[in-house]
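J.:
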Amino acid sequence: MEFNGLLGMDFDFFKKKDKMTKEEYETARNEVKQHFRSLCYEVQKIYHKKTGGVLELDKEFQNFNKRSNVIIAECKNCQNKFKVNIHLGSDNLSVELFFKSETKEQCEYIIEILKNKKSVIWEYFMSNKYMMLCVEYISKTKKISSVKMASFELNNKNYSNILKFIEDNFSEGRYEFNFIIAFSYNKNECLKQNKNFANTVYEAFINIMEIEKKLA
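In terms of our numbering, the sequence shown opens at residue 368 and continues consecutively.
So this is what it looks like as structure tokens:
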């Protein structure tokens, strides 16, 4: 399965799908799956060629349905508390390190990372312009509030605001968070890189796995 680059429609699908007929939706959905799957295969090939190892990606996309705002390929190589995903939505594609907090102890773990692993996070943010840190609070009604910081926004104030966002909710007994560190590429960047984008995603994977080991 050859990867020939992502197409604009792979991103636009998520904005237009609700207005499509059933036939249009199924055709477009299958094309997005095909293009995304071919990217995953190409990244796996590059990984094996350069490392000799096997990058295990779930390419069945079982949860990709009418309600989905993204399509996700989960990496099965990671054995720690984090998940690593390739994540394609309407505006960007991300290779993300993901941790879900549901308990007091898990929330404390996020706070501990932000405090004790600050130098690790900053090292990567200062060396790559595509990095993003996001914390989402998910209320019992499933309403999401979040704070984000991109590489170009990196400073002590913004970093402290993310920590404060978690600690303020923590003090109120709210522990349900998504903690995400990602290499995030907007639609234009993905399209501009064309076939070479698979190499970019591979490099992001290598870096994300390094970060995971340093944070664990």
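Every residue gets a Cβ at the ideal spot worked out from N, C-alpha and C, and that includes glycine. The structure displayed is predicted, hence computed values, not measured ones.
With distance defined between alpha-carbon atoms, name the residue in Ala440, Val514, Asp458 nearest to Asp379.
T.: Here residue 379 corresponds to residue number 12 of the sequence shown, with the count starting at 1. Among Ala440, Val514, Asp458, the Cα nearest to that of Asp379 belongs to Asp458.
J.: For a quick check, are the C-beta atoms of Asn371 and Lys562 less than 9 Å apart?
T.: Here residue 371 refers to the residue found at position 4 of the sequence shown. Here residue 562 refers to the residue found at position 195 of the sequence shown. A contact, by the Cβ cut-off of 9 Å.
J.: Leaving out five residues before and five after Cys445 in sequence, what residues of the same chain have Cβ atoms less than 8 Å from its Cβ?
T.: Taking the sequence shown and counting its residues from 1, the one referred to as residue 445 is at position 78. Once the five neighbours on either side are set aside, the close Cβ partners of Cys445 are Val451, Met576, Glu579.
J.: I need the DSSP call for Cys468, collapsed to helix, strand or coil.
T.: Mapped onto the sequence shown, residue 468 falls at position 101. This sequence places Ser at residue 468; Cys is not what is there. Looking at Ser468 - three-state DSSP - the assignment turns out to be strand.
J.: Would you give the residue range spanned by the alpha helix (DSSP H) that Met576 belongs to?
T.: Here residue 576 is taken as the residue at index 209 of the sequence shown, counted from 1. Run containing Met576: 564 to 582, per the alpha helix (DSSP H) assignment.
J.: Helix or strand or just coil, what does DSSP make of Tyr542?
T.: What you label residue 542 is simply residue 175 of the sequence shown in a count that begins at 1. In this structure, Tyr542 counts as coil in the three-state DSSP scheme.
J.: Can you have a look at Asp377 and say buried or exposed, based on whether 16 or more other CB atoms are within 10 angstroms of its CB?
T.: The residue given as residue 377 occupies position 10 in the sequence shown. So Asp377 counts as buried.
J.: Are the CB atoms of Val487 and Cys501 within a distance shorter than 9 Å?
T.: The residue you call residue 501 lines up with position 134 of the sequence shown. The residue you call residue 487 lines up with position 120 of the sequence shown. Not a contact, by the Cβ cut-off of 9 Å.
J.: Please state the DSSP three-state secondary structure of Glu423.
T.: Against the sequence shown, residue 423 aligns to sequence position 56. In the structure shown, Glu423 sits in coil (DSSP, three-state: anything other than H, G, I, E or B).
J.: Identify the continuous alpha helix (DSSP H) that holds Leu558 and give its terminal residues.
T.: In the sequence shown, the residue the question calls residue 558 occupies position 191. Note, Leu558: alpha helix (DSSP H), 554 to 560.
J.: Report buried or exposed for Met498, applying the criterion of at least 16 other Cβ atoms within 10 angstroms of its Cβ.
T.: What you label residue 498 is simply residue 131 of the sequence shown in a count that begins at 1. Met498 is buried by the Cβ-count criterion.
J.: Are the beta-carbon atoms of Phe492 and Ser518 separated by less than 9 Å?
T.: Numbered from 1 along the sequence shown, position 125 holds the residue referred to as residue 492. Numbered from 1 along the sequence shown, position 151 holds the residue referred to as residue 518. Contact: yes.
J.: Quick one: what does DSSP say Lys443 is sitting in, helix, strand or coil?
T.: In the sequence shown, residue 443 corresponds to position 76, counting from 1. Lys443 falls in the coil class under three-state DSSP.
J.: Between Arg404 and Val421, what straight-line distance do the alpha-carbon atoms span, to the nearest angstrom?
T.: Walking along the sequence shown from the start, residue 404 turns up at place 37. Walking along the sequence shown from the start, residue 421 turns up at place 54. Between Arg404 and Val421, the C-alpha separation is close to 16 Å.
J.: Return the CA-CA distance between Leu481 and Leu530, expressed in angstroms with no decimal places.
T.: Against the sequence shown, residue 481 aligns to sequence position 114. Against the sequence shown, residue 530 aligns to sequence position 163. Rounded to the nearest whole angstrom, the C-alpha separation of Leu481 and Leu530 is 7 Å.
J.: Fully enclosed by the segment 454 to 514, which beta strand (DSSP E) runs are 3 residues long or longer?
T.: 459 to 468, 498 to 505
J.: Whose CA, out of Leu464, Glu393, Ala571, Ser506, lies closest to the CA of Tyr552?
T.: Taking the first residue of the sequence shown as 1, we reach residue 552 at position 185. When only C-alpha atoms are compared, the closest one is Ala571.
J.: So Glu409 is in the alpha helix (DSSP H); what residue range does that whole segment cover?
T.: By one-based count along the sequence shown, residue 409 stands at place 42. Per DSSP, the continuous alpha helix (DSSP H) segment holding Glu409 begins and ends at 389 to 418.
J.: Express the C-alpha separation of Arg541 and Ala549 in angstroms, rounding to a whole number.
T.: Here residue 549 is taken as the residue at index 182 of the sequence shown, counted from 1. Here residue 541 is taken as the residue at index 174 of the sequence shown, counted from 1. Their backbone Cα atoms lie some 24 Å apart in a straight line.
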